[in-house]
Amino acid sequence: AQSVAQPEDQVNVAEGNPLTVKCTYSVSGNPYLFWYVQYPNRGLQFLLKYITGDNLVKGSYGFEAEFNKSQTSFHLKKPSALVSDSALYFCAVSRPNSGYSTLTFGKGTMLLVSP
Amino acid sequence: DAGITQSPRHKVTETGTPVTLRCHQTENHRYMYWYRQDPGHGLRLIHYSYGVKDTDKGEVSDGYSVSRSKTEDFLLTLESATSSQTSVYFCAISESRQAEGYTFGSGTRLTVV
Chain D
22 AQSVAQPEDQ VNVAEGNPLT VKCTYSVSGN PYLFWYVQYP NRGLQFLLKY
72 ITGDNLVKGS YGFEAEFNKS QTSFHLKKPS ALVSDSALYF CAVSRPNSGY
122 STLTFGKGTM LLVSP
Chain C
86 DAGITQSPRH KVTETGTPVT LRCHQTENHR YMYWYRQDPG HGLRLIHYSY
136 GVKDTDKGEV SDGYSVSRSK TEDFLLTLES ATSSQTSVYF CAISESRQAE
186 GYTFGSGTRL TVV
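Protein sequences appear in the order of chains D and C. Numbering-wise, our numbering puts 100 at position 79 of the first sequence, and it's gapless, one number per residue. Numbering-wise, our numbering puts 189 at position 104 of the second sequence, and it's gapless, one number per residue.
And the structure:
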């Protein structure tokens with residue numbers, strides 16, 4: 022079975038400060054890892070993914086995430102937060118296999134960026 | 086969201102009635118998924134499809150059925166709606182069987198009263 026933990030229900034940060042949204046995962050074998058963002062009354066939008074290769078992944082809107090295999094983590098980061106970054110963020114994991122794999126999502130972390 | 090539409094966007098229904106939600110895609114992707122989103126639970130997989138007439142259950146499939154008679158359409162049916170099925174339902178599509186990333190629809194907000 023695969024699972025994702027997002028330990029913080031909410032993260033508060035001031036505009037211009039760096040932000041981190043935490044994610045840890047559990048999966049057998051090598052994972053595929055994803056971050057999605059959801060704005061109010063919208064579907065989920067893809068931010069970035071780790072499939073293989075460089076542990077530091079850069080994505081949309083200046084976000085990046087670092088895959089850490091020893092800590093089974095995939096934290097989302099941004100050097101300087103914007104008020105417009107305020108949204109609900111989901112981490113997700115899948116496990117490639119010989120059959121059909123599906124995405125398992127965390128419970129989500131609400132990011133609030135104050136002016 | 087481009088290439089994938091869900092209908093209806095909002096629905097209120099009574100307990101015990103059947104309800105069908107529709108997901109339509111124009112991307113010709115083979116893989117389609119239904120998730121429900123609830124506070125404190127994130128997104129949970131209900132059913133998915135890996136081709137026309139090929140479907141499988143997810144982690145919260147009880148009370149739901151699906152059908153896929155055409156590549157572009159994936160229907161989710163609540164056979165007899167219950168209040169616990171009040172939720173926001175999202176459809177997603179993918180090109181790859183290895184779940185390398187999904188494209189989501191805008192969701193259907195279902196209220197069962």
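Positions of the beta carbon are idealized from the N, C-alpha and C atoms, including for glycine. Computed from a predicted structure; not experimentally measured.
Quiz item: Under three-state DSSP, which class holds Gln23 of chain D?
Solution: Your numbering for residue 23 of chain D matches position 2 in the first sequence. If DSSP states are grouped into helix, strand and coil, Gln23 of chain D belongs with coil.
Quiz item: Would DSSP call Ser168 of chain C helix, strand or coil?
Solution: For this step, residue 168 of chain C is matched to residue 83 along the second sequence. Three-state DSSP puts Ser168 of chain C in a helix.
Self-check item: Cβ-Cβ distance between Gly136 of chain C and Arg115 of chain C below 8 Å
Solution: Stepping through the second sequence from its first residue, residue 136 of chain C is reached at position 51. Stepping through the second sequence from its first residue, residue 115 of chain C is reached at position 30. With contacts defined by Cβ atoms closer than 8 Å, Gly136 of chain C and Arg115 of chain C form a contacting pair.
Practice problem: Report all residues from its chain with a CB closer than 6 Å to the CB of Gly129 of chain D; omit the five preceding and five following residues, and keep chain order. | Solution: As a position in the first sequence, residue 129 of chain D is number 108, starting the count at 1. Taken in chain order, the residues that qualify are Leu109, Phe111.
Quiz item: Assuming Gly175 of chain D contacts Gln27 of chain D under a Cβ cut-off of 8 Å, what Cβ separation, rounded to an integer in Å, is found between them?
Solution: The question about residue 175 of chain D has no answer, for chain D in this structure spans 22 to 136.
Quiz prompt | Assigned exposure category for Tyr149 of chain C - 16 Cβ within 10 Å defines buried | solution = Working through the second sequence from its first residue, we reach residue 149 of chain C at position 64. Around the beta-carbon of Tyr149 of chain C, 16 or more other beta-carbon atoms lie within 10 Å, marking it buried.
Quiz prompt | Buried/exposed call for Asp139 of chain C, threshold 16 Cβ in 10 Å | solution = Counted from its first residue, the second sequence places residue 139 of chain C at position 54. Of the other Cβ atoms in all chains shown, fewer than 16 fall within 10 Å of the Cβ of Asp139 of chain C; this residue is therefore exposed.
Quiz item: Is any beta-carbon of chain C found at less than 8 Å from that of Thr73 of chain D?
Solution: Taking the first residue of the first sequence as 1, we reach residue 73 of chain D at position 52. Closer than 8 Å: no.
Quiz item: Taking C-alpha atoms, which residue in C:Ser152, C:Gln110, C:Glu157, C:Val197 lies nearest to Ser171 of chain C?
Solution: What you label residue 171 of chain C is simply residue 86 of the second sequence in a count that begins at 1. A small correction: the amino acid at residue 171 of chain C is Thr; Ser does not occupy that position in the sequence shown. Measuring from the Cα of Thr171 of chain C, the nearest candidate turns out to be C:Val197.
Exercise. Just grab the DSSP bridge partners of Ser107 of chain C for me.
Key: Sequence index remark: in the second sequence, residue 107 of chain C carries index 22 (1-based). Note that residue 107 of chain C corresponds to Arg in the displayed sequence, not to Ser. Per DSSP, C:Ser92, C:Leu160.
Self-check item: Same chain, Cβ closer than 8 Å to Pro117 of chain D, neighbours up to 5 away in sequence not counted
Solution: In the first sequence, residue 117 of chain D corresponds to position 96, counting from 1. Sequence-distant partners of Pro117 of chain D (beyond 5 residues in either direction) whose C-beta falls short of 8 Å from its own C-beta, in its chain, are Gly50, Asn51, Tyr53.
Quiz item: Which of the residues in the segment 108–135 of chain D, read from start to end, lie with their CB under 7 Å from any CB of chain C?
Solution: Here the close residues are Phe111, Ser115, Pro117, Tyr121, Ser122, Thr123, Leu124, Phe126, Gly127, Lys128, Gly129.
Quiz item: Given a threshold of 16 other Cβ atoms within 10 Å of its Cβ, counted over all protein chains shown, does Ala102 of chain D qualify as buried or as exposed?
Solution: Taking the first residue of the first sequence as 1, we reach residue 102 of chain D at position 81. Label assigned to Ala102 of chain D: buried.
Self-check item: Minimum Cβ-Cβ distance from His126 of chain C to chain D less than 8 Å
Solution: Numbered from 1 along the second sequence, position 41 holds the residue referred to as residue 126 of chain C. Taking 8 Å as the threshold, the shortest C-beta distance from His126 of chain C to chain D falls below it.
Quiz item: At a Cβ cut of 9 Å, what residues of the segment 54–81 of chain D count as close to chain C, listed as they run along the chain?
Solution: Going along the segment 54–81 of chain D in chain order, one finds Phe55, Tyr57, Gln59, Asn62, Arg63, Gly64, Leu65, Gln66, Phe67, Lys70, Ile72 with a Cβ nearer than 9 Å to chain C.
Quiz item: Should the segment 94–101 of chain C be called in touch with the segment 187–195 of chain C, which here means at least 3 C-beta pairs below 8 Å?
Solution: They touch, by the three-pair rule.
Quiz item: Is any heavy atom in the ligand ATP found nearer than 7 Å to the beta carbon of Val104 of chain C?
Solution: Although the ligand ATP was asked about, the structure shown includes no ligands whatsoever.
Quiz item: Between Phe203 of chain C and the rest of its own chain, which residues show a CB-CB distance below 8 Å, the 5 nearest in sequence each way excluded?
Solution: Residue 203 of chain C lies beyond the stretch modelled for chain C, which goes from 86 to 198, so this question has no answer here.
Practice problem: Please name the residue in C:Ile131, C:Asp147, C:Met117, C:Thr102 whose C-alpha comes closest to that of Glu157 of chain C. | Solution: Along the second sequence, one-based indexing puts residue 157 of chain C at 72. Checking every option, the nearest Cα to that of Glu157 of chain C belongs to C:Met117.
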